[in-house]
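6 protein chains.
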Amino acid sequence: MSRFPRLADLTTDVEGWGFFLCTSKQTRTGRSGSDFLILTLQDVSAQKVAKIFDDIERFGAQFESGEFVRVEGKGTFYNGQMQLVLSSIRRVHAKQDRLEGFREEECVLSAPRPIDQMWSELTGRVAAMENPHLRVLLSRILTDHAEQLREWPAAQVIHHAYRGGFLEHIVKMAEVGSLIARAYGADADLVLAGVILHDIGKLQELAYEAGAASYTRDGNLLGHIALGLILVREAASGVSGFPLELRSRLEHLVLSHHGTREHGSPTEPKTVEAFILATVDELDARLHQVRRAVREDAGDGEFTAWHKRLARVLYKGPEGSS
Amino acid sequence: MSRFPRLADLTTDVEGWGFFLCTSKQTRTGRSGSDFLILTLQDVSAQKVAKIFDDIERFGAQFESGEFVRVEGKGTFYNGQMQLVLSSIRRVHAKQDRLEGFREEECVLSAPRPIDQMWSELTGRVAAMENPHLRVLLSRILTDHAEQLREWPAAQVIHHAYRGGFLEHIVKMAEVGSLIARAYGADADLVLAGVILHDIGKLQELAYEAGAASYTRDGNLLGHIALGLILVREAASGVSGFPLELRSRLEHLVLSHHGTREHGSPTEPKTVEAFILATVDELDARLHQVRRAVREDAGDGEFTAWHKRLARVLYKGPEGSS
Amino acid sequence: MSRFPRLADLTTDVEGWGFFLCTSKQTRTGRSGSDFLILTLQDVSAQKVAKIFDDIERFGAQFESGEFVRVEGKGTFYNGQMQLVLSSIRRVHAKQDRLEGFREEECVLSAPRPIDQMWSELTGRVAAMENPHLRVLLSRILTDHAEQLREWPAAQVIHHAYRGGFLEHIVKMAEVGSLIARAYGADADLVLAGVILHDIGKLQELAYEAGAASYTRDGNLLGHIALGLILVREAASGVSGFPLELRSRLEHLVLSHHGTREHGSPTEPKTVEAFILATVDELDARLHQVRRAVREDAGDGEFTAWHKRLARVLYKGPEGSS
Amino acid sequence: MSRFPRLADLTTDVEGWGFFLCTSKQTRTGRSGSDFLILTLQDVSAQKVAKIFDDIERFGAQFESGEFVRVEGKGTFYNGQMQLVLSSIRRVHAKQDRLEGFREEECVLSAPRPIDQMWSELTGRVAAMENPHLRVLLSRILTDHAEQLREWPAAQVIHHAYRGGFLEHIVKMAEVGSLIARAYGADADLVLAGVILHDIGKLQELAYEAGAASYTRDGNLLGHIALGLILVREAASGVSGFPLELRSRLEHLVLSHHGTREHGSPTEPKTVEAFILATVDELDARLHQVRRAVREDAGDGEFTAWHKRLARVLYKGPEGSS
Amino acid sequence: MSRFPRLADLTTDVEGWGFFLCTSKQTRTGRSGSDFLILTLQDVSAQKVAKIFDDIERFGAQFESGEFVRVEGKGTFYNGQMQLVLSSIRRVHAKQDRLEGFREEECVLSAPRPIDQMWSELTGRVAAMENPHLRVLLSRILTDHAEQLREWPAAQVIHHAYRGGFLEHIVKMAEVGSLIARAYGADADLVLAGVILHDIGKLQELAYEAGAASYTRDGNLLGHIALGLILVREAASGVSGFPLELRSRLEHLVLSHHGTREHGSPTEPKTVEAFILATVDELDARLHQVRRAVREDAGDGEFTAWHKRLARVLYKGPEGSS
Amino acid sequence: MSRFPRLADLTTDVEGWGFFLCTSKQTRTGRSGSDFLILTLQDVSAQKVAKIFDDIERFGAQFESGEFVRVEGKGTFYNGQMQLVLSSIRRVHAKQDRLEGFREEECVLSAPRPIDQMWSELTGRVAAMENPHLRVLLSRILTDHAEQLREWPAAQVIHHAYRGGFLEHIVKMAEVGSLIARAYGADADLVLAGVILHDIGKLQELAYEAGAASYTRDGNLLGHIALGLILVREAASGVSGFPLELRSRLEHLVLSHHGTREHGSPTEPKTVEAFILATVDELDARLHQVRRAVREDAGDGEFTAWHKRLARVLYKGPEGSS
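Printed below as a string of structure tokens:
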């Protein structure tokens, strides 16, 4: 039995073994009355459902959700998606398994671009800001939240939902926002600040552990827009001489970045920079979904299957083109 | 020429004189090319439009918007509403005019119930709260914002739009919220805290001067819900030992009190107390509009004229019933 | 094997026996091609799905939907909910099973408050009405429909969906409606009449038998609002001297109690009493759903699972608090 | 000075005299401070605004709203519409003015087709119904409400808003509904009954006097759909042996004829006949608006001015085509 | 084993054999880990799901999707619908199976009315058109697209989804559209042209093969309304002397026939004929869904099960009536 | 009397003379019964209402709408906007008035950037396209429609509503679209093609004459999206070897550029380029409105007056900042 390819490249009927992160583990009772285990496994490239039908008590005792595991099994196609049916599973023993090729970072679903590269691009942009108040404020925020900002996903499910996804989203928005700001003679520093801070409340909205995100109490009761506002207000208080008018503009960016009240913004864009930020945020999230749907679609037609969230199919190009 | 009745009782063709607060003053050019002055005047009972067609340069120099004035003129009916057409106007000379009956408080549109009475009812409720953290927090807020809370209107236009209107709205909501909380075994202290704090951000959203409210910078850019959140967060920080969980519940009340995102709440009610608060707030505002529309409707049918905001007519009762 | 606890307290892997009401019984073919029985069982506390996989022909012949049954089996957790997998089932033999503890009223899902207590509170309120026309009208309606009003659920699925639920909903609304009417100086008799009559059309909209409700022909073709209108019109005709204007107000309450046309009210509230009624109805239904979701949520986090109808999670309080 | 042409043909700067029905009369104060009278006048062909600027006290005493009047004046174009500016006005003295050509029926805005002709077409259709229960029911209703059904407009403002408009709407719907029912093998008698009864509640919803319609108390509090339901229920009670199932179908037609709840139907079409009725009603109202907009548009382009209710312009055909 | 009845009449537990068209064939992995085949089979009367659990490799090699097949098996009831569980399947051998009663046209889901009859009704209507330009244009289109127009379904799923369904929809719309056009004095030729052309773009939007429809590239990227516009534009270019104004009217019909922008019409009806066309199209599609839901509903109550697309139940009539 | 400043700089009570383009001319009857002329005048910087109260017959004969005029008068403030009240007006005599400074291009409301500069930027972009099919197609379109593309406004009213506005909108979109396409690795040629063609149908939708735009027959009946589709289809037919797949992508861009069906796109974006195009189009239109509202707002507060179309006020910055 050979090692599995990356999960993104898994095909049906391939048997093998591999190292993964297990991010969820549940017991279910099948219709026949017998129980089975249903897991979520991930590596750097993708995330898949896995099931264990035999000896589930024995195997169930060998690992917990949140641990790295070594599995054996084969790929199957179920309900239009690739899955794994496992014949054995156990938790990773780091030292010893490393000899067989276990690498932690290879088992965590991650952004395609290296995190260090993205981080240095972002800190470079901040260091180059002209407005000294914003430069100080953002430098501190990047320093204080570096670990989270580097590692977190951008969202639980919808887009950029993997290690470094938050950073990837911000870095791309910073690039695009900067171009648009210049094209329209808008305040590029303010747009960059908005880009970095617009979802900063998510650091308190979500708790992110071992590949699984969940809402915190304040995440559910207040939401990331309100939490972001408080964070910005407190951070600005810590920068002596931070102008009140600038603070208002900045907080307006955080509050209005969803664009409309229906989408959860208690106030709607009222400055050129706020219109740009809301546009760039939505466009980046949209394009990320489109690209991912096109890449992950398993069918062989010119169009993807129906995309529920976007409520349409997407064009992949003529057959044989990719 | 005798003194005008209260503005609420003004009738057509009545000539007279009176003391009022002027809350807006503009020059317009009529179709014939000649200019006229258009003012807004108020007394304790109502607010009316007034116009001056003759000698406008001389009269325009005699007063400013925001001042108390003494006018002469007569009532006319224009576009379905009572107006005043003035033959003269000048600013009040307090000392001397007091001899003729000028009283400041008689010239400011006000809540029907005496402010001191409402205030003592509200402070009594706070003093009786069982939860010591909330009691301390709210006592301070009542103390710190006493002047505004006593004097302000509840809204610019829609409901309780007069001196003491804010307080009137809170006091009635406190009464009703307390009854409902008890009926459903909800946390009555929390509901009361929500009632007092739900619109507290309006104290920064609006600037209120000489009978005229206008939006502040942060009022427009952040909105009263966000401003209220910040105020509560800061106030809670000032109360030592204020429990985090209680703070979350309280901030949730402020954020969710509009009930839905479409109405500007970035988060929707998720606790029994939040459902009660949103319900009581909407009901009180609605009933205030209904009562006012019924009271002010000038027609003699059983129904009011079309009420734009409520998008319906309202039933006044059988003719001759009031 | 010991007796099951109440269904509300059922836990996984508990084996036992019990008496229940069976409210639905269907045969399904499993994927493996073999059939199984799927039932709905209830007792006074809750309602659960139950399945029989073996000997289904023999067991299927031992009972019908709508009968009380005695079952043996064990609790299992399936798709996030507790179920029963039965090893045997038969209809109850009342006489003999009573010796083992069978009590009919224990096998019917019911309101938590005793029906007699609620009924006497409601009739007391009617007897105390000041308006003689309304008092006569409502006394008759309570008398004529006593059996249904005491026993029925308030709704098929959404809220108060159990024996006595209709009465529970009305009694609580009467309490709250009376408090609010007094607070706003509204006509408390009219509000009480609206409370009792607002859903009276449901007595013809639904047929309720052996724990299962279904729509009648007129229920589907006319709906309970129209049926309620007709019932009120006919009842008022039977009270000599019932004033036309009062009848109009009353019928308006029935027609407008859903608050908006989108929610099925052909006319929207146009009186203070109609606004109060619609508010109290919605609040009571909402709070009932919130309380039930919090109570029934099986998870151990601070929030319930996603509530489909309310489209949000609900806050249960800090872990370990309940 | 010669007699005015019909109002539909009035042109600017034409001076003349004429007989009309005055359906509204108000005094307004102009900007210059002087009052003027503003009236609504109609004849069989159209309805126009008229104004009197001079001697308004004298002229105001010569007639009331609801009376036939004799006027002198000239046509003017104001705000995109033809108006009359009057130099004199007085009430009609029937006997004497008849000598000059006054005919009551010429002064009331009316349907283009003769009422007797439409009425006999409708009664003919009822007499030919195959279902005896429906035939009896509808014959009685036509008899009992003959006067109103013959004379009333179909709506206050939107469509068929003139004498005989109600009948015109029903007769055309009967024709079209009958054709569609036959094409789809639907119950033609039921469709015809629905056509005649769908708006029957308007006879109680509106009070119609001297060319002016207003809402009654029950019209505002219950609405014509609810009033129609009650009327049908009572009428069916009066026909011995009227089958309950047929009554349900008929009442369903009345309740569902607006098609959706948003449009005020508390229940939506659930039978083939109900779908047909709602479709025919909407189509006839729409086409009537389209035809009228095209006919009345004063511009010389290929399209009408913006039609507010339909939210679009309408195509009149190539220039010079009509 | 006897031959199956028509699929529309299939009942549970009936064993037999039959000829069908297979329009889809997929392999799925069951929960137990073993694979099964899931097919869609149709005959002239209906379409059903079929499954094969045993020997799937052998049977899977005996036929492909798109072929006629001979099957053995029995009817079962699963998830509220009739299915077939097959014990054997093979492709049809036309010559030999014809001896046993195989007829191609009996194995393709088809409109109830004979296609030749509908086609001759439609060509007759076109031949009788008065407008020579439209007559020439439509004759050509009928000739050029005869095969597709005769054979295609009207829609993939929603209504008239079977052989000849497109034609059936057009022929019925032509009948009804003609009646309504005459009743309103509209241009009947234009309405007929609109009826025939309104969905003509579907001939390029969909690819239809062996009973299965799928979207083409232009179908997904442009949609049938845009494709229809281009087709009409090109066809009109081919008719010498086709008036520009007539072309505009015709293209307007195609573009506006969904009635509103929300439903995909980039322009809304602006002529009497466009209103008629949109109405007739929607009514025919609606009634087809209603009739089908009533006919296919398997329950024994007076109402159908919940109809998802129409979002309501439908009335079938009193029990025992059909 | 000195020459007026540019209309954008007009202030109240300034008397003077000037040359303008008159784009509309109507007679109205004032309340006093006397007529006046109401005109729209423009110069390169702005557009204003002008009125003539005296001698209107004489002055009315001196010019027509669509002509350049020489006027004398003064600025007045009416209903919150600057207007001109004219004391004399006559058409321009080009030769002679040129001596006094009349320049045609100074009298037509125009984009701020020189047209030649924008045009050469655009043609440069097209010449640099890598895809030869698109380069040929677009070069022809630029050549064939050069005059219109250079001169036209982008919209009748909403944004870029002046000479060269169409070009200004396209050139800015080309700049921004190119940046975004590169940032996301999208097909920049396709985005540029979409930018140039997205509104190309407007060249047939509108007729633009002497500063005034109006809808054509096909503009109203088909709309610019459908007209654009036809134009692209025909243009692509003229380029030999134009790939079908590329044509589909291009037509999809035109059809989907409004983003949603509610906004008039019969198909929604299904490619990365289509998402980018719709985003850039909306952003440019929005920012143009925001900038214009901020620039034209006459008030002295920090915020503009209520912006009807955007349904909000806009932030101008701290007082004294501009």
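Residue numbers (the working numbering), protein chains in the order written: chain A, -5 to 316; chain B, -5 to 316; chain C, -5 to 316; chain D, -5 to 316; chain E, -5 to 316; chain F, -5 to 316.
C-beta: ideal position from N, C-alpha, C; glycine also.
- For the pair Gln77 (chain B) and Gly293 (chain B), the Cα-to-Cα distance works out to about 16 Å.
- Boundaries of the beta strand (DSSP E) around Lys68 (chain C): 62 to 72.
- Within its own chain, the residues whose Cβ lies closer than 7 Å to the Cβ of Pro312 (chain D), once the five positions on either side in sequence are excluded, are Glu296, listed in chain order.
- Listed along chain E are Lys264, each with a C-beta nearer than 7 Å to that of Asn214 (chain F).
- By the Cβ rule, the segment 239 to 251 of chain F counts as touching the segment 213 to 224 of chain E, because three or more pairs are nearer than 8 Å.
- At a cut-off of 7 Å between beta-carbon atoms, Phe53 (chain A) makes no contact with chain E.
- Given a length threshold of 4 residues, each whole run of the alpha helix (DSSP H) inside the segment 222 to 275 of chain A is given here in chain order: 238 to 250.
- Around the beta-carbon of Thr298 (chain F), 16 or more other beta-carbon atoms lie within 10 Å, marking it buried.
- The beta carbons of Arg0 (chain B) and Asp37 (chain B) sit closer together than 7 Å.
- DSSP places Thr117 (chain F) in the uninterrupted alpha helix (DSSP H) bounded by 109 to 121.
- Tyr202 (chain E) has E:Ala207 as its beta-bridge partners, per DSSP.
- The residues Thr298, Ala299, Lys310, in chain order, have a CB closer than 7 Å to that of Asp291 (chain D) in the same chain once the five nearest residues on each side in sequence are set aside.
- For the segment 28 to 51 of chain C, the residues whose beta carbon sits under 8 Å from a beta carbon of chain A are, in order, Phe30, Phe47.
- Its Cα nearest to that of Ala279 (chain B), the residue B:Pro147 stands out among B:Ala229, B:Asp212, B:Pro147.
- Residue contact check for Ser242 (chain B) against chain A: a CB pair falls below 7 Å.
- Note on Gly12 (chain A): 16 or more other CB atoms within 10 angstroms of its CB, so buried under the neighbour-count rule.
- In this structure, Met123 (chain E) lies near Asp183 (chain E), with their beta-carbon atoms less than 7 Å apart.
- Under the three-state reduction of DSSP output, Asp193 (chain C) falls in the coil class, being neither helix nor strand.
- Only residues of its own chain outside the window of five on either side were considered, and among them Ser39, Ala40 have a CB closer than 6 Å to the CB of Ala2 (chain A), listed in chain order.
- Neighbours of Tyr309 (chain E) in chain C, taken as residues whose beta carbon is under 9 Å from its own, are Arg211, Asn214, Leu215 in chain order.
- When C-alpha distances from Val79 (chain F) are compared across F:Val102, F:Val130, F:Ala187, F:Thr34, the shortest belongs to F:Thr34.
- Under a 10 Å Cβ-count criterion, Pro106 (chain B) is classified as exposed, with fewer than 16 other Cβ atoms of the shown protein chains found around its own Cβ.
- Under the Cβ criterion of 7 Å, Arg303 (chain A) is not counted among the residues facing chain F.
- Using a CB distance cut-off of 7 Å, Glu145 (chain C) does not count as an interface residue toward chain A.
- At a cut-off of 7 Å between C-beta atoms, Phe(-2) (chain C) does not count as an interface residue with respect to chain A.
- For the pair Gly158 (chain F) and Ser104 (chain F), the CB atoms are nearer than the 7 Å cut-off.
- Per DSSP, Ser81 (chain F) is one residue of the beta strand (DSSP E) stretching across 75 to 85.
- Burial check for Met(-5) (chain E): the Cβ neighbour count within 10 Å stays below 16, so the residue is exposed.
- Around the beta-carbon of His87 (chain D), fewer than 16 other beta-carbon atoms lie within 10 Å, marking it exposed.
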